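Novice:
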Amino acid sequence: MNYFNKLRDDIAAVVAAVGLPGAAFAVEPARDPAHGDVATNVAMILSKVAGRPPKELADLMISGLKAIDGVASADVAGPGFINFRLSSGFWLAQLQQILKSGLDYGRCDLGQGAKVNIEYVSANPTGPLHVGHARGSVFGDVLANLMESVGYHVVREYYINDAGAQVDALARSLHWRYREALGEALGDLPSGLYPGDYLRDAARELIANAGSRWLAVPEDDWLPPLRLYAIDAMMTLIRNDLLELGVGQSVFSSEHALVARGGVDEALAYLAEHGLIYQGVLEPPKGKKPEDWEPREQTLFRATQFGDDVDRPLRKSDGTWTYFAGDVAYHFDKIRRGFAVLIDVWGADHSGYIKRMQAAVKAMSEGRVPLDIKICQLVNLLDQGQPLKMSKRAGRFVTLRDVVDAVGKDVVRFMMVTRRNDVPLDFDLAKVREQSKDNPVFYVQYAHARCCSVLRNAQEAFPNVPFEPAALGAAPLTRLGDPGELRLIRALAGWPRTVEGAAQAHEPHRLAFYLFELASEFHAHWHRGNDDPGLRFIIAGDPDLTAARLGLVHAVRFVIAGGLRIFGVEAATEMH
RNA sequence: GCGCCCGUAGCUCAGUUGGAUAGAGCACCAGACUACGAAUCUGGGGGUCGGGAGUUCGAAUCUCUCCGGGCGCGCCA
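Each residue of the first sequence is one higher than the one before, counting from 128 in this note's numbering.
1. Spell out the partners DSSP gives G474 in its beta bridges.
2. Can A199 and R212 be called in contact, C-beta distance under 7 Å?
3. Could you pull the DSSP bridge partners for E246 from this structure?
4. Taking G689 as part of the alpha helix (DSSP H), name the residues at either end of that continuous run.
5. By Cβ distance, which residues of its chain are closer than 6 Å to R135, with the 5 residues on each side in sequence left out?
6. Using only alpha-carbon positions, find the residue among V281, D231, L662 that is nearest to R464.
7. Can the beta-carbon of Q586 be found less than 7 Å from the beta-carbon of D549?
8. Between which two residues does the beta strand (DSSP E) carrying G446 extend?
9. Would the beta-carbon of A630 fall within 7 Å of that of V277?
10. If you compare alpha carbons, which of I666, Y356, N168 is closest to P156?
11. Look up Y405 in the DSSP assignment and give the residues it is bridged to.
12. Tell me which residues share the same chain as C579 and place their Cβ nearer than 6 Å to its Cβ, disregarding the 5 neighbours each side in the sequence.
13. Leaving aside the five residues before and after A618 along the sequence, list all residues of the same chain whose C-beta is less than 6 Å from its C-beta, in chain order.
14. Going by other Cβ atoms of all chains shown within 10 Å of its Cβ, with 16 needed for buried, is M274 buried or exposed?
15. Can A261 and V539 be called in contact, C-beta distance under 7 Å?
16. Which of the three DSSP states is assigned to V386 in this structure?
17. May I ask which residues mark the beginning and end of the beta strand (DSSP E) holding D553?
18. According to the neighbour-count rule (16 or more other Cβ atoms, all chains shown, within 10 Å of its Cβ), is H257 buried or exposed?
19. What is the DSSP secondary structure of F379, counted as helix, strand or coil?
20. Does the beta-carbon of H401 have 16 or more other beta-carbons within 10 angstroms, so that it is buried, or is it exposed?
21. Only counting the same chain, and skipping five residues up and downstream in sequence, which positions put a Cβ closer than 7 Å to that of G600?
22. Given a cut-off of 7 Å, decide if R299 and L320 are closer than it, judged by their beta-carbon atoms.
23. List, from N- to C-terminal side, the alpha helix (DSSP H) runs of 4 residues or more that fit wholly inside the region 585-617.
24. Helix, strand or coil: how does DSSP classify E418 here?
25. Can you have a look at T673 and say buried or exposed, based on whether 16 or more other CB atoms are within 10 angstroms of its CB?
26. Would you list the one or two residues that DSSP bridges to A201?
27. From R520 to G259, what distance separates their C-alpha atoms?
28. Across the region 240-249 and the region 466-483, are there enough close Cβ pairs to call them in contact, namely three or more that are closer than 8 Å?
29. Whole angstroms is fine: what's the gap from R637's alpha carbon to Q239's?
30. Between the alpha carbons of D315 and Y305, how many angstroms are there, rounded?
31. Tell me where the alpha helix (DSSP H) around A94 begins and ends.
32. Cα separation between F569 and P497?
33. Secondary structure at L509, three-state DSSP: helix, strand or coil?
34. How is P156 classed by DSSP in three states: helix, strand or coil?
35. Does the distance from the C-beta atom of P551 to that of F643 stay below 7 Å?
36. When the Cα of L509 is compared with those of F466, D555, D609, which residue comes out closest?
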């Protein structure tokens, strides 16, 4: 389906036929349409290994290249590029392919069913998700959709950090609110506990379920059960927030459960067997020595053997595991579950942990399982250009739910992947409600709605002509030939390559840019019809031409809707 | 002090994994509606790709080094 791949195979066959060695060369869209449709650097790449000038090699191959199916012309240009122009028959065949594939155009089997684990969100279960979580949630979810669409078997996962001091604080916070709700006058909430009304709600539910049975017992007795109760309540909250956003992991892995079943011991035993754990003393960080620094002997992982800067501690001085030890065990578990690729989606504040985690995975998988860690930078929440103030300390922050309720899930989802994950993103509540080109969600959906609109109108104009995509595949598509129409077809035919590239790079934002550009091409072509009515899609009295052009409209609609489906965004059929 | 990320038009950002003359949008200027939906479109000006050096046929992209911004830096997760 990705015609660049097909052409590369054809070109490679010509290379072999003239007796040149194989090489990794590129087949790409020509940068300038004046150059042609497709360009390859094969002659320049081969010139290095063959020790002959690119031009000479190109001349050697040119007659073979011109004979490739679908190639209308091939020319040598510039420093040794070979530019191809593809035949109109070739482009019409692409269009037919789109009409045949429908919403599935662009799907492929690149991944060949390989198992990929994508872990995302993994927010601590201490409260509802805030707007900062939206980016990682959507990024992970869209990346998962994208990987599935190119043939990977994807498992979407959430790691619940339910084993540390934070969930103890959560349990104490719940107990405080519980006592409060049962009538005790407690005054201000002690520092270190979680404010926020959601725990008042949880306390009231607790009373409904358990009455006052946790009131008069010592902390050692109420803490473990209330911790479980609180984590469960918070995870319910979080899951519901995620569902509101259209995000749904299928696997929720509990750190507590992992530790309880000996996962940490197993992972560390594996590392110990391979001689990667030792007792040692770390140097203080240079130039920033903490005031309370004391040399301390710790259990360390030899991360430096796998590219990290220092060896990393696995055990705290009180004998319990560090967070890193738990994460090592968790990734060991993922490796043992047989994933070929691991992807973690983290917030920017965790970027300091990338190297050590990758070192651990490299060590535990003997270099076989790549771990790609995608860092999501901050989202600057604005309203009409003004930053929205939030105070997490006071428990007042803009929740994910607030934002989804305000602008809708489709808008949040699309906007979160309109930037590369590793650059900060401005999210302006006023702007995304605008119906203008400033608002990319609107602009893309508007293009789709226009497609739907013209299809409705056409059916009214020709009540007896079948305009379904299946019928249009056989329509006289050769009636298409206007340069604007061919531009659109070329743009459409580039979709599979865009999907493949985005999937290989784990960069879903590329799809957003593609869709914006495709929408732009479509709007532009639309307006050519304003200036020249002969270019409109619906031509009264010419059902054949209308049918051919509606084939193009259907194709645009399919690609936009298929792209939006990867984003998990509805393709609107009308704008209001 | 060290590590990672970022630095591209006045602003917000792309740049197809090293390719040809670096591209969009916003803003600014000049135009296009008795409409297949003008919520849009057409044209114009605007650049030392943070600076410098290197690698090669060729660098925004790779290496080194400075400058600037963000995040992080042994018992927080």
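C-beta atoms are modelled at their ideal positions from N, C-alpha and C, and glycine is treated no differently.
Small disclaimer: the values here were computed from a predicted structure and weren't measured.
Specialist: According to the data block:
1. C503
2. yes
3. E284, D471
4. 670-694
5. V154
6. V281
7. no
8. Run containing G446: none; DSSP gives neither H nor E here.
9. yes
10. N168
11. L427
12. T700
13. L645, E648
14. buried
15. yes
16. helix
17. 552-555
18. buried
19. strand
20. exposed
21. Q223, L226, K227
22. yes
23. 596-599
24. coil
25. buried
26. F211
27. For R520, the predicted structure reports a pLDDT of 46, less than 50, and the residue's modelled location is therefore unreliable. A value from the coordinates is still provided. Rounded to whole angstroms, R520 to G259 spans 15 Å at the Cα level.
28. yes
29. 22 Å
30. 14 Å
31. Missing from the structure shown is residue 94; the chain here goes from 128 to 703 and no further.
32. 37 Å
33. strand
34. strand
35. no
36. D555
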